[in-house]
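Asks: In our numbering, the protein residues as written are 25 to 224.
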Amino acid sequence: MELSRRSFLKACGLAFAGSMAFELSGESKAFALDNLKEWKLENTQEFTSICGYCAGGCGFLASVRDGKIVNVEGDPDHFVSEGGLCPKGAAEMQLEEYVDPKTGELVPNASRIYSPKVRRPGSSQWEDISWDDAMEEIARHVKDTRDATFERYDANGVEVNRTQAIAQLGGSACTIEEDYFIQKFIRELGSITLDCQARV
Ligand code: SF4
Numbered sequence: 025m026e027l028s029r030r031s032f033l034k035a036c037g038l039a040f041a042g043s044m045a046f047e048l049s050g051e052s053k054a055f056a057l058d059n060l061k062e063w064k065l066e067n068t069q070e071f072t073s074i075c076g077y078c079a080g081g082c083g084f085l086a087s088v089r090d091g092k093i094v095n096v097e098g099d100p101d102h103f104v105s106e107g108g109l110c111p112k113g114a115a116e117m118q119l120e121e122y123v124d125p126k127t128g129e130l131v132p133n134a135s136r137i138y139s140p141k142v143r144r145p146g147s148s149q150w151e152d153i154s155w156d157d158a159m160e161e162i163a164r165h166v167k168d169t170r171d172a173t174f175e176r177y178d179a180n181g182v183e184v185n186r187t188q189a190i191a192q193l194g195g196s197a198c199t200i201e202e203d204y205f206i207q208k209f210i211r212e213l214g215s216i217t218l219d220c221q222a223r224v
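#1: Using CA atoms only, rank isn't needed, just tell me which of 146, 121, 168, 111 is closest to residue 136.
#2: With three or more C-beta pairs closer than 8 Å as the rule, is the stretch 91-111 touching the stretch 207-217?
#3: Which residue comes first and which comes last in the beta strand (DSSP E) that contains residue 122?
#4: Return yes when at least one heavy atom of the ligand SF4 lies under 8 Å from the C-beta of residue 195, else no.
#5: Can you have a look at residue 84 and say buried or exposed, based on whether 16 or more other CB atoms are within 10 angstroms of its CB?
#6: I'd like to know whether the C-beta atoms of residue 175 and residue 188 end up nearer to each other than 9 Å.
#7: Just verifying my parser: in three-state terms, what is the DSSP assignment at residue 228?
#8: Does the stretch 130-148 come close enough to the stretch 111-121 to have 3 or more Cβ pairs within less than 8 Å?
Below, the structure written as C-alpha cells:
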C-alpha cells in the first residue's frame with residue numbers, strides 16, 4: 025500500500041488522539057495534578073560558588089531554600105569548568121547531606137564543620153571559634169612571632185631582614201593566584217621558608 029504524506033499525517037493524528045483519549049479516561053498518574061511533587065528547585069535562591077576540593081577551581085550553582093542548600097550542580101557560565109565537574113566535585117552535595125545506605129533516606133552530614141576550630145596548647149579537644157576571633161588570634165601570633173625573631177643582620181653582619189620562625193606551606197586547594205598572593209605576603213613578613221604541596 026502506498027502511503028501519501030497526507031494519509032501519513034492523518035494516521036499520526038488519529039493515533040495521537042486515541043492515546044490522549046485513553047490517558048484522560050483512565051487513572052493515569054501523568055495527568056493527576058495532586059500527584060505532582062514539589063519541583064526540586066522551586067522557591068530556591070541560586071548562589072555561585074567554587075568547589076572546595078582541589079585547585080581546579082570548578083564553579084558551582086548552589087540552590088538554597090529557607091537557608092538550607094538543597095542542590096549543587098556545575099555552573100555552565102563558569103569560565104574554568106563550563107558546567108563540568110569531576111566525580112568528586114559532582115558529589116559535593118554530600119558535604120551537606122547524603123543517602124543513608126540503611127534507610128535510603130537523605131540525612132544531614134554530621135561531619136560537616138560550620139566554623140573555624142582551635143586547639144589550645146596542652147588540650148586534646150578542638151573548640152569552635154568565630155571567624156573574627158580566629159583572624160585576630162592568627163594575626164596576633166604572626167606579629168608577636170615576627171617581632172620576637174626578626175633578624176636585621178646575620179652572624180657575618182650581612183643585612184638579611186628575615187625571620188626563620190615562620191614558614192608557609194600552600195595546599196592543593198589553593199589556586200595559582202592565591203599561592204602567588206600568599207608567597208608575596210610571606211616574603212613581606214621576612215620569611216624565607218615557603219613551599220607548596222603541588223610541587224611536592
Ligand atoms: S576537578 Fe573536581 S575536585 Fe577539582 S575543583 Fe573541579 S570538581 Fe572540584
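Don't be surprised by glycine CBs; every beta carbon is placed ideally from N, CA and C.
Replies: The structure says:
#1: 121
#2: no
#3: 121-123
#4: no
#5: buried
#6: yes
#7: This structure does not reach residue 228, given that the chain is present from 25 up to 224, and the question cannot be answered.
#8: yes
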